[in-house]
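Read in order, the letters of the sequence shown are residues 13 to 318 in the numbering used here.
So the structure is just underneath, and the comments pick up after that.
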Amino acid sequence: DGADSLLGDAGNDSLLGGLGNDFLLGGAGNDILVGGLGDDSFYGGAGRDLAQFLGSISVTVNLGYTTKQNTGHGLDCLIQIENVVSGAGNDLLVGNWFDNTLNAGAGNDSILGEAGNDILQGGEGDDRLFGGVGQDQLIGDAGDDILNGGLGDDSMSGGVGLDTLTGGDGNDFLRGGEDNDILAGDLGNDWLLGEAGRDSISGGDGRDTLDGELGNDTLTGGFDADCFVFSFGADRITDFGFTQNDQIILDSTVLSSVRGMTTQQVIELYALDRGADVVFEFGGGNSLTISGVPDLNSLWSNLFIM
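Okay, here's the thing in structure tokens:
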């Protein structure tokens with residue numbers, strides 16, 4: 013538990029410093045460096061190296077800093093470290109220009125990927141994840157999370173909780189997870205899946221695909237030609253546009269009532285005019301409301317069965 017100097021070799025090493033002001037040098041290989049409490053120096057060396065901060069103390073780590081920083085465990089210096097795992101506190105993790113993996117564990121955490129193709133994982137708690145520049149993967153896990161992909165083609169999953177996901181600029185994939193989520197594609201050709209819960213899904217600019225999946229969802233395509241997929245629940249499409257060639261796909265692999273039918277048969281059997289809306293009543297609690305459709309016949313060329 014004193015001031016230790018731990019040196020790795022050419023393999024994948026695990027170095028545990030403990031208490032005291034420790035010096036940890038990973039060397040070549042993908043190493044795990046654990047400093048513990050004290051003013052520690054983490055030198056990853058070649059390879060993809062991970063600094064781990066255990067326990068429930070809240071941690072602040074910025075991999076863009078090459079001088080000493082107050083991490084909450086001490087005045088630590090992190091050099092050539094690509095990845096960070098923290099514990100159960102309310103942590104702030106910031107990446108750098110490399111491809112980082114940042115896992116904040118339990119707690120109400122904030123994670124910023126910055127540049128690079130990063131993997132950000134919030135863990136349990138109400139987390140804030142921002143990808144930055146690059147093709148990032150954001151995972152909210154349990155809790156009411158806010159995820160923003162930033163620039164690049166990003167993939168994000170809200171997990172359990174009331175989550176808000178924003179794709180940002182790029183062709184993004186958004187998966188809401190359980191509970192009632194808000195999904196916004198923003199710029200780019202995005203794919204948005206609500207999954208379980210009463211989700212609010214908007215595509216933004218670009219040719220987007222919106223699929224509420226389970227639950228009673230509200231779908232807004234935005235600009236450009238969008239594709240709305242329906243399979244289950246009581247969904248509403250708010251801005252179906254004929255002039256921009258929007259499309260509706262009925263997923264017969266889930267919605268068995270339309271299996272083997274033609275578009276004309278589906279419209280004749282299930283579609284109803286209700287004022288400014290067209291409503292498909294498929295039975296079993298499954299329905300699709302399309303706002304602003306002038307008449308049933310106008311849907312024939314824009315409705316498909318998959």
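Don't be surprised by glycine CBs; every beta carbon is placed ideally from N, CA and C.
As the structure is a prediction and not an experimental result, all values here were calculated from the model.
Taking the Cβ atoms as the reference, residue 65 lies roughly 7 Å from residue 83, within the contact range of under 8 Å. For the pair residue 316 and residue 275, the CB atoms are nearer than the 8 Å cut-off. About 5 Å separates the beta carbons of residue 179 and residue 198, which is inside the 8 Å limit, making them a contact pair.
DSSP links residue 168 through a beta bridge to 150, 186.
Taking a C-beta distance under 8 Å as the contact criterion, residue 245 and residue 229 qualify as a contact pair. In the assembly as shown, residue 187 is a buried residue. Its beta-carbon has 16 or more other beta-carbons within 10 Å. In the structure shown, residue 133 adopts extended strand secondary structure according to DSSP, grouped into three states.
Selection 77, 260, 227, 254 evaluated against residue 296 yields 227 as nearest (Cα-Cα). Nearest Cα to residue 41 within the set 53, 30, 25, 52: 25. Between the alpha carbons of residue 213 and residue 144 lies a gap of roughly 22 Å.
When the five nearest sequence neighbours on each side are left out, the beta carbons in the same chain lying within less than 6 Å of the beta carbon of residue 129 are those of 111, 146, 147, in order along the chain. When rounded, the separation of the alpha-carbon atoms in residue 237 and residue 23 is 52 Å.
At the C-beta level, residue 171 and residue 154 come within 8 Å of one another. With respect to residue 73, residue 106 sits close: the two C-beta atoms are nearer than 8 Å. The closest CA to that of residue 78, considering only 59, 150, 52, is found on 52. Here the alpha carbons of residue 137 and residue 120 stand approximately 5 Å from one another. Scanning its chain for C-beta atoms nearer than 6 Å, with the 5 sequence neighbours on each side dropped, one finds around residue 89 the residues 53, 80, in chain order. Per DSSP, residue 275 is one residue of the alpha helix (DSSP H) stretching across 275-282.
Residue 295: member of the beta strand (DSSP E) spanning 289-295, first to last residue. One alpha carbon belongs to residue 254, the other to residue 310, and they sit about 8 Å apart. In the three-state reduction of the DSSP assignment, residue 314 falls in the helix class, which pools H, G and I.
Less than 8 Å separates the beta-carbon of residue 68 from that of residue 101. In the DSSP assignment, residue 298 falls within the beta strand (DSSP E) that extends over 298-303.
For residue 63, the enclosing beta strand (DSSP E) begins and ends at 62-64. Runs of the alpha helix (DSSP H) spanning 4 or more residues and lying entirely within the segment 202-256 do not occur at all. According to DSSP, residue pairing for residue 140 in a beta bridge involves 122, 158. Here the alpha carbons of residue 302 and residue 281 stand approximately 16 Å from one another.
With contacts defined by Cβ atoms closer than 8 Å, residue 240 and residue 267 do not form a contacting pair. Going by DSSP, residue 54 is part of the beta strand (DSSP E) stretching over 53-55. For residue 106, the enclosing beta strand (DSSP E) begins and ends at 104-106. DSSP links residue 270 through a beta bridge to no other residue.
Here residue 62 really is in contact with residue 96; their C-beta atoms are around 7 Å apart, less than 8 Å. In the structure shown, residue 42 falls within a coil segment according to DSSP collapsed to helix, strand and coil.
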